[in-house]
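Let me begin by presenting the structure, written as structure tokens, before commenting on it.
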Amino acid sequence: MSDALMQTYARIPLTFERGEGAWLWDSEGNRYLDAVSGIAVCGLGHCHPKVTAAIQEQAATLVHTSNIYRIQNQERLAERLRSLSGMETAFFCNSGTEANEAAIKLARLYGHQRGIKKPTIVVAHGSFHGRTLAALSATGNPKIQAGFEPLLEGFEHVPYNDLKAVEALADNDQVVAVLVEPLTGEGGVVVPEEGYLRGLRELCDRNNWLLMLDEVQTGMGRTGSWFAFQQTGIVPDVMSLAKGLGNGFPIAPAWPPARRPASFRPATMARPSAAIRLPAGPR
Ligand SMILES: Cc1ncc(COP(=O)(O)O)c(C=O)c1O
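Rendered as structure tokens:
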């Protein structure tokens, strides 16, 4: 592999040149079944004709103007996602880790609005929320965090699938939110016990915390419903999404809490971070 490229992955010496549906072809013409779907991204398969046509059409029409203007397709997508999820107002960014950054910022805003000096988010051991610094600090995996210390403060890690551990934090008046995956992805597929998410919802309601679900990996139909939370009878306050939404095109919304007053206003976020840009390649 070229040493002009940073060696961030132990890459398999295989180059895929073409994809169609669930199949990939390497540079020698061998065919492979893509059982990882581009790491949970290409839920509609590679080069789905409708996705390809939409990208081609948009690339030939207009690629980037910025969020200082109205973007019709962005509004259409926000409305469609609202009708599928029940979440209110979407904030778009480019990756799952950024959607989680947005969720973390929303929780901090929410805390400050309530006069909390050091807003703290309860997160789980074994979780994965991304590789930017705040998302990495929220992640519950010391192996991934090693070398990037000091991590950001404001996170309290508890065992996943353990309601009592979350309940024990009720006395901590700095806690503002709970952020978990509805079932863990990168940490091994751990499906929590029936009632775990409902229990978290109750604890959040009782303590005035936000329930924030990271549906980056579970969203867009990957667990049998559009969003995993829809199988539990609860609705989160904040949800982050990415991966399957773009089928390889980098797009990722986060939704601020509809029922509680925390939302980004003009200038709370740097504008470019919300722009939908040219595809930089599948994530
Ligand atoms: C649950 C979860 N959250 C966040 C991320 C980060 O998403 P991205 O790679 O799009 O930044 C991932 C990626 O695997 C994930 O599985």
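FYI, the numbering for the sequence shown is 7 to 289, going by my numbering.
A virtual CB, placed ideally from N, CA and C, is assigned to each residue, including glycine.
In this structure, the straight-line span from the alpha carbon of Glu-155 to that of Lys-249 is close to 27 Å.
Straight-line measurement puts the Cα of Thr-126 at about 27 Å from the Cα of Ile-257. Rounded to the nearest whole angstrom, the CA to CA distance from Phe-255 to Thr-145 is 24 Å. Taken in chain order, the complete beta strand (DSSP E) segments of 3 or more residues contained in the stretch 191-277 are 216-220, 244-246 and 258-261. In the three-state reduction of the DSSP assignment, Tyr-38 falls in the strand class.
Exposed is the label assigned to Ala-59, since fewer than 16 other Cβ atoms lie within 10 Å of its Cβ. Sequence-distant Cβ neighbours of Ala-183 in its own chain, meaning closer than 6 Å and more than five residues away, are Ala-113, Ile-127, Trp-215, Leu-216 and Met-218.
Exclusion of Gly-160 from the 7 Å shell around ligand 1 follows from its C-beta lying no nearer than that to any non-hydrogen atom of the ligand.
In the three-state reduction of the DSSP assignment, Gly-102 falls in the helix class. Minimum Cα-Cα distance from Thr-21 among the listed residues Ala-28, Asn-36 and Met-12 corresponds to Asn-36. Taking the CA atoms as reference points, Ala-140 sits about 6 Å from Glu-107. Around the beta carbon of Gln-237, fewer than 16 other beta carbons lie within 10 angstroms, which makes this residue exposed.
Annotated three-state conformation of Val-47 is coil, per DSSP. Taking C-beta atoms as the reference points, Phe-98 and Gln-80 count as a pair closer than 8 Å. Within the same chain, Arg-204 come within 8 Å of Gly-239 by CB-CB distance, once the 5 residues on both sides are set aside.
Within the model, the alpha-carbon separation for Ala-130 versus Glu-34 is close to 43 Å.
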